[in-house]
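Visitor: So that we are looking at the same thing, I have put the structure below in structure tokens.
In structure tokens:
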């Protein structure tokens, strides 16, 4: 049911035309962010979200091209924090490359 809001996109870019001069927020997370994104977008002029589980690009390049951001919020399912970080493949949830 939580995918009703944002449908779990790898990269989402939300523009709030009613708050054009506001702050920019970057959210890095998994599907737990889907429900929060539309509500957080009300307080920002731009909200970008990246799901590192399926994003194959460079997070650093994305931030360089789309930033600077006023805030960065990292939202993950707490159960993922017990996973061992595998720094080699792009498929690791916490590999920010």
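Numbering (the working numbering), first residue to last: 371 to 467. Cβ coordinates follow ideal geometry from the N, Cα and C atoms, glycine included. Here the structure is a predicted model, which means the values were calculated and not measured.
1. Going by the CB atoms, is the gap between residue 395 and residue 414 shorter than 8 Å?
2. Using only CA atoms, which one of 428, 418, 449 and 431 lies nearest to residue 398?
3. Where DSSP assigns a beta bridge to residue 468, which residues make up the other side?
4. Assuming contact is defined by CB atoms lying nearer than 8 Å, are residue 433 and residue 411 in contact in what I supplied?
5. May I ask you to list the residues that DSSP assigns as paired with residue 383?
Guide: Put simply:
1. On the chain shown, residue 414 is found 44 positions in, with the first residue counted as 1. On the chain shown, residue 395 is found 25 positions in, with the first residue counted as 1. Taking 8 Å as the Cβ cut-off, residue 414 and residue 395 qualify as a contacting pair.
2. Reading the chain shown from its first residue, position 28 is the one you call residue 398. The residue with the shortest Cα to Cα distance from residue 398 is 418.
3. One cannot answer for residue 468 here, as it falls past the ends of the chain, which runs 371 to 467.
4. Locating residue 433 in the chain shown gives position 63, where the first residue counts as 1. Locating residue 411 in the chain shown gives position 41, where the first residue counts as 1. In this structure, residue 411 does not lie closer than 8 Å to residue 433 by Cβ.
5. Here residue 383 is taken as the residue at index 13 of the chain shown, counted from 1. Beta-bridge pairing links residue 383 to 418.
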